[in-house]
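See below:
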């Protein structure tokens, strides 16, 4: 991957981070987040200019080095070429409201969207669901629209609160992270936990409800930073294996 | 793909369109419409002679340049070789009754056929279902037969009305489009929306019912012509990737 | 595939038929019948000596030219090497009782076995289910044992009657055919119809029940001999594509 | 695979056994047990020093020759490099309490974990479930925590009793075997039986309940040692085919 574009010259670390964000996009595709060219991760510009957002008309699996535009928090394009996703306000408003995080993801992951299209609360039925132990995943139900307007994005921000993810009813999900590792893992675990819950409830079996206090202790035990690094490295190896085998680009069935 | 057959000489644009229709067939296979050698798309002849229909005994994934016959609206073969699908009246009658469209698709897409074999109404539970915001998908229940007779085809036409798709109970689906892009996307979204609804309802969760007026506004926002082009291009890239990887022909498991 | 074994010399047509039976085994694997090295098709010896049965310890996907033994109707091995499947009585008794058929298949196809482990009757909810229009598929419930004893096999024969297939409760399925094409298609359609019915009923939707008389007419229309040939050829092409891509042998995930 | 590490020199048979254990890990991955780098098999050291445990930060599909550490029953690392899985007490306590077995497996196999997160009892609805005919699979519900503490491991031991497997509610499963073949097959059949039961019950069909006495007879018939060898060899061939096709390492989707 080469960076011919001069925009990265002012800060080499941005290019390096965007490389990781690109892998994050491609990992999300492999873990069930793909829906044509829908879905995107954004990254808060470290120089305070706004956010780097994946450009449009690319599948998650197609995102590589240069595929970003820099926009300010009002959506003005400052650098980069290509289409600006019309849901940019979702990213801008969350980044503005949440100084604790630097990355925002949005997708239509199948099972998380299924769960989001219902009244069901995501629960820690397995390890993946425990990722959300300290902040249950709320649901935004004010509209089924995609989030293209600032006032809608502000509504989502309010529902999201301090959580790591929010279900967008009849639409998809949004999720955040302080690091690219965190935003990717949050997206991955959200979809895995939703799939588990859908399968568990579809079976008709009576679920066992874990204790909330224990669930937090469980989070502390299974998701310390070194474990998160381990999982992030795993998904990177998996991506590399996949791309070596099938070549880069859109995931084949 | 070479066109040795003289029938295309009179109008080069037909060959070009049929190339796109072939990709439409192969895209439908990748998106879950395959059922052995069942399923076909037809194209209204621009010279008013009738319709170009995929010839028989080929899987959707096997359709390429020359695999069409030209028939008039009474089913007489005017050009081309190979088997005439016995469901030709379904195509002929829809094309006669609907001057607004130029393409008709028919398949046994799994989830759409599951939904069609029930009393359930397809609903806009996610973005894919929103494709049908302006015209709910009706169900044809007069028979479980395949549509090989003109009088049956006329019944389907009546149920279809001005809609983009119709569920054929205990059989499959039919869908239409003004362009090859539109007929393909309609088929794809019909199957995706049905799969989503089956998974949502199988979970036992209480679904959230989107507002019908909002659903139309949502359609306007997410499916303008440029977005449709974007999705059509995505599915073409996906097809190319797949065929580069596995070679052309029947899709491997 | 070479036939070094002298046993085929007396009748070259047997080797040719067994080649087709081997493709039948491998097609069944691709269509969801695989369960480790379980499952087998038998072929009535045209010289009246008994039956040719796939030998043991091979997956359906591994069966090729020489992988058969000839046994008489009492299970004595007349020709060939390798393990005799202990369920040989199932094949012998069905072939003895049903002079109208020459091939017997047995497998643990997932969805057909799921349906067989319940009180549910297989129904013609889609085209695949229509294959059984003239003879509903009965269920053998006298035991959950595999059929290794002649008296159990005779019980299965009684339940099977003149049908094309029988569900073996908590075990698997058996299916028959006059030709290798027919036995293979019967196995394939049994599994596809069962999968359809499982998905339809799991959805919780109210199914539409097709009319039994119409279902027979539908069978006549969609499954004439030339259509069966067409489907058999399709599955052979699919198998070839798959084996070209992945190589022969056990199916990869 | 080369063994440069001197630790194997004192007993060549250990290296040979660990080779088989590595295949066991990779087979479990192919059969649905993979969850990032979670899951591990341990092997009782034949010299009485403790147990050989897969080292951390590797997926089941990545485990090869050297990827083990030798720990004593108090968790002290005696040989080998790499991370010690924090769930080592689960292995140590089971091996201490069960002199009849030499191998312990632990994973988050999807369907077995779904069933484990409910009140449902695993039942012998198909052949795979019959593997557990003589010892129903109990459920450990004292905690949803992973088993990192000796006192928790002792609780699991008590629930496990003389069984071959135990469901760990809201977490995963553990399973044992006298041989590497047995521990692997137990893991495989546990997941397959759970998937079958989930699909059967999700369908809403009324299940047929096999007779417990007959189920034991069925076990004797279908799972004698030579059949177990046959299945173990099958999974080894399948693994080889898969790795020839895709290369070793993390399983591609």
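Residue numbers (my numbering), protein chains in the order written: chain L, 4 to 256; chain E, 4 to 256; chain D, 4 to 256; chain V, 4 to 256.
In this text, a Cβ means the ideal position worked out from N, Cα and C, and glycines have one as well.
Asked                                                                                                                                       : Found
Residue 55/L - DSSP class collapsed to helix/strand/coil                                                                                    : strand
Beta-ladder partner(s) of residue 82/E, from DSSP                                                                                           : 73/E
Reduced DSSP category for residue 2/D - H, G, I as helix; E, B as strand; rest coil                                                         : Outside the shown range of chain D, which is 4 to 256, sits residue 2/D, and nothing can be said about it.
is_contact[residue 241/D, chain E] using C-beta, thresh 8 angstroms                                                                         : yes
Buried/exposed call for residue 245/L, threshold 16 Cβ in 10 Å                                                                              : buried
Validate contact between the region 121 to 129 of chain L and the region 181 to 191 of chain L using beta carbons, cut 8 angstroms, 3 pairs : no
Expected contact under 8 angstroms - CB spacing of residue 210/D and residue 150/D to nearest Å                                             : Incorrect: roughly 32 angstroms between the Cβ atoms, too far for contact.
Buried versus exposed call for residue 19/L [16 or more other C-beta atoms within 10 Å across all chains shown]                             : exposed
Residue 145/L burial status per 10 Å Cβ neighbour count (16 or more: buried)                                                                : exposed
Simplified DSSP state of residue 251/V, which is helix, strand or coil                                                                      : coil
For residue 290/L, three-class secondary structure by DSSP                                                                                  : Given a span of 4 to 256 for chain L in the structure shown, any question on residue 290/L remains unanswerable.
Close-in-space but distant-in-sequence residues of the same chain around residue 255/D (CB under 8 angstroms, 5 per side omitted)           : 249
Ordered list of alpha helix (DSSP H) runs contained in the region 166 to 228 of chain L, each at least 4 residues                           : 183 to 205 and 215 to 225
C-alpha gap between residue 8/V and residue 171/L, whole angstroms                                                                          : Only weak support is given to the placement of residue 8/V: the predicted model assigns it a pLDDT of 47, under 50, and the question is left unresolved by the model.
Environment of residue 102/E [buried if 16+ CB atoms lie within 10 Å]                                                                       : exposed
Among 38/E, 53/E, 25/E and 152/E, nearest to residue 115/E - alpha-carbon criterion                                                         : 38/E
Contact between the region 156 to 166 of chain V and the region 72 to 81 of chain D (3+ Cβ pairs under 8 angstroms)                         : no
Rounded C-alpha distance that separates residue 104/L from residue 252/V                                                                    : 34 angstroms
Extent of the continuous alpha helix (DSSP H) to which residue 109/L belongs                                                                : Element bounds for residue 109/L: not the alpha helix (DSSP H) but the beta strand (DSSP E), 106 to 110.
Residue 3/L, DSSP secondary structure in three states                                                                                       : Chain L is shown only over 4 to 256; residue 3/L falls outside these bounds and no answer can be derived.
Interface partners of residue 157/E on chain L, CB under 7 angstroms                                                                        : Residues of chain L passing the Cβ test: none, with the nearest at roughly 36 angstroms.
contact_flag[the region 19 to 33 of chain E, the region 225 to 245 of chain E] where n(CB pairs < 8 angstroms) is 3 or more                 : yes
With 16 other Cβ atoms within 10 Å as the buried cut-off, status of residue 34/L                                                            : buried
Three or more C-beta pairs below 8 angstroms linking the region 126 to 135 of chain D and the region 194 to 213 of chain D                  : yes
Neighbour-count burial assignment, residue 229/D, 16 or more Cβ in a 10 Å radius                                                            : exposed
Residues that DSSP places opposite residue 38/E in a beta bridge                                                                            : 41/E
Burial state of residue 65/V, where buried means 16 or more other Cβ atoms lie within 10 Å                                                  : buried
Inter-residue spacing [alpha-carbon to alpha-carbon] between residue 40/E and residue 60/E                                                  : 5 angstroms
Option nearest residue 129/E by Cα separation, candidates 173/E, 72/E and 193/E                                                             : 193/E
Between the CA atoms of residue 127/D and residue 137/D - distance to the nearest angstrom                                                  : 11 angstroms
Reduced DSSP category for residue 128/E - H, G, I as helix; E, B as strand; rest coil                                                       : coil
Contact residues within the region 196 to 213 of chain V, judged by C-beta distance below 7 angstroms to chain L                            : 201, 204 and 205
C-alpha gap between residue 87/V and residue 69/V, whole angstroms                                                                          : 14 angstroms
Backbone CA spacing between residue 234/L and residue 173/L [nearest angstrom]                                                              : 30 angstroms
Distance CB(residue 219/L)-CB(residue 148/V) smaller than 8 angstroms                                                                       : no
Rounded distance between the beta-carbons of residue 199/D and residue 118/E, thought under 8 angstroms                                     : No, residue 118/E and residue 199/D are not in contact; Cβ-Cβ is about 12 angstroms, not under 8 angstroms.
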